[in-house]
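Going left to right, the sequence shown walks through residues 416 to 709 as the working numbering numbers them.
Using N, Cα and C, we set each Cβ at its ideal position, and we do this for glycine too.
Fair warning: this is a prediction, and the values are worked out from it, not measured in the lab.
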Amino acid sequence: MMNDLYTPLASSCTQQVDIRGLNHTIHTWGKPTNPSIFLLHGWMDNGQTFQFLADSLADNWYLISPDLRGFGTTAQTPYGYWFPDYLADFEALLNIYAPKQTARIVGHSMGGNIACLYAGIRPNRISHLVSLESVGLPNAEPSLAPERYADWLDQWQAVARFSEHTIDQLTSRVLSLGPHMSHSQARFIAETWSAPAIEDKRTLLSDPRHKYLNPTLYRREEARSCWRQIEAKAMLITGSESNISCSPELQNCQRDFKECIPPLIEKRIPDADHMVHWDQPKRVADSIESFLRL
416 MMNDLYTPLA
426 SSCTQQVDIR
436 GLNHTIHTWG
446 KPTNPSIFLL
456 HGWMDNGQTF
466 QFLADSLADN
476 WYLISPDLRG
486 FGTTAQTPYG
496 YWFPDYLADF
506 EALLNIYAPK
516 QTARIVGHSM
526 GGNIACLYAG
536 IRPNRISHLV
546 SLESVGLPNA
556 EPSLAPERYA
566 DWLDQWQAVA
576 RFSEHTIDQL
586 TSRVLSLGPH
596 MSHSQARFIA
606 ETWSAPAIED
616 KRTLLSDPRH
626 KYLNPTLYRR
636 EEARSCWRQI
646 EAKAMLITGS
656 ESNISCSPEL
666 QNCQRDFKEC
676 IPPLIEKRIP
686 DADHMVHWDQ
696 PKRVADSIES
706 FLRL
């Protein structure tokens with residue numbers, strides 16, 4: 416039915432935590448006495464959308480999933496966002512929830528980039544690393560720097576805004592990202608992404624300034640240097656229909672990523688796109704749980 420509602424199998428709790436002077440929303444599932452897993456979401460997403468994984472994992476694990484700065488209902492910053500802040504925020508989160516133990520971390524897309532860099536920067540703090548659909552970005556040529564800086568300066572002349580949409584429009588957008596989801600799951604995501612605006616419209620919760628370019632080009636060699644320092648057991652999960660599986664450029668990135676982190680366990684999930692944990696949450700959860708038992 417098109418108007419059915421998704422009912423979570425695992426109940427979540429929400430906490431408000433000050434992290435480096437910024438109020439963060441932290442979603443948790445399961446008992447705090449269970450072994451913990453940290454979950455880091457991707458760009459323009461939020462921590463609550465790991466709900467489908469939590470439905471399968473919360474009985475045995477304590478899941479900790481922040482809305483990263485400027486996403487979801489975590490506080491926004493007026494001057495944009497710098498990637499190293501996510502590393503520092505995550506370390507502060509670890510110091511609160513796992514100060515004296517090594518951590519298990521699962522990151523999707525941008526969250527996977529954060530997780531993989533951190534695991535190499537602080538190799539003694541991470542025991543298990545799962546990257547969902549994240550192998551870094553293709554290297555950017557230094558010759559692009561002048562144009563990038565100019566574009567970065569120019570974009571601050573305008574105010575960043577999101578358009579408003581109905582819940583049905585947002586649900587359709589979610590389904591385009593996770594084509595194997597049910598309609599009820601997609602509507603759940605659409606609701607967690609947004610808040611009521613005027614009339615029947617909704618506005619996205621994340622800060623539209625996340626759409627701004629970063630003035631710093633992606634330097635893959637720096638990422639590779641971090642990845643080579645990873646000591647944690649590591650697994651890469653990809654969707655069979657995602658760009659990583661289908662794009663020659665990203666396939667090269669995947670091979671390079673694997674060379675930096677031996678022995679990397681790889682798992683390709685059938686009937687799944689980039690939002691692999693939405694398309695096939697049970698398969699992804701089973702793969703994660705089996706890996707964490709190693």
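Would you list the residues sitting across from Q644 in a DSSP beta bridge? According to DSSP, which records beta bridges pairwise, Q644 is partnered with nothing at all.
Note down, in chain order, each residue of its chain lying with its Cβ closer than 6 Å to the Cβ of G535, except the 5 sequence neighbours on either side. C641, W642, Q644, I645
Status (buried if at least 16 other CB within 10 Å, exposed otherwise) for M416: Summary for M416: the model assigns pLDDT 42, below 50, so the residue's position carries little reliability; its value from the coordinates is reported in the next sentence. Exposed, by the Cβ-count rule.
Any idea what DSSP makes of D622, helix, strand or coil? Here D622 sits in coil by DSSP.
Ranges of the alpha helix (DSSP H) found wholly within the region 486 to 562, counting only runs of at least 4: 498 to 512, 525 to 536
Through-space distance from L532 to T699, alpha-carbon basis: In the sequence under discussion, the amino acid at residue 699 is Val, which differs from the Thr named in the question. Roughly 22 Å between the two C-alpha positions.
Within the chosen definition, does the region 667 to 686 reach the region 506 to 520 through at least 3 CB pairs nearer than 8 Å? The answer is no - the region 506 to 520 does not touch the region 667 to 686, with fewer than three Cβ pairs under 8 Å.
On the DSSP letters alone, give me the boundaries of the alpha helix (DSSP H) that Q430 sits inside. In the DSSP annotation of this structure, Q430 is not part of any alpha helix (DSSP H); the continuous beta strand (DSSP E) holding it starts and ends at 427 to 434.
Go ahead and pull the three-state DSSP assignment for M416. Its pLDDT being 42, under 50, M416 is placed unreliably by the model, and nothing is read from it.
Can you name the start and end residues of the beta strand (DSSP E) that T443 belongs to? Run containing T443: 437 to 444, per the beta strand (DSSP E) assignment.
Stretch-stretch touch, CB-based, cutoff 8 Å, three pairs: the region 448 to 463 with the region 476 to 490: yes
Smallest Cα separation from A503: which of S451, L478, L437, N449? L437
Going by DSSP, what residue range makes up the beta strand (DSSP E) through E614? Neither: E614 is in no beta strand (DSSP E) and is coded neither H nor E.
In whole angstroms, what is the alpha-carbon distance linking E548 and M525? 9 Å
Alpha carbon to alpha carbon, how far is D482 from A575? A575 has its alpha-carbon roughly 20 Å from the corresponding atom of D482.
Inter-residue spacing [alpha-carbon to alpha-carbon] between R402 and P663: The shown model of the chain, from 416 to 709, leaves out residue 402, and the question about it has no answer.
Quick check: what's the CA-CA separation for E579 versus K648? 43 Å
C-alpha gap between R634 and A490, whole angstroms: 28 Å
Using C-beta distances below 6 Å, list every residue in its chain close to G445, excluding the 5 sequence neighbours before and after it, in chain order. A473, W476, Y477, L478
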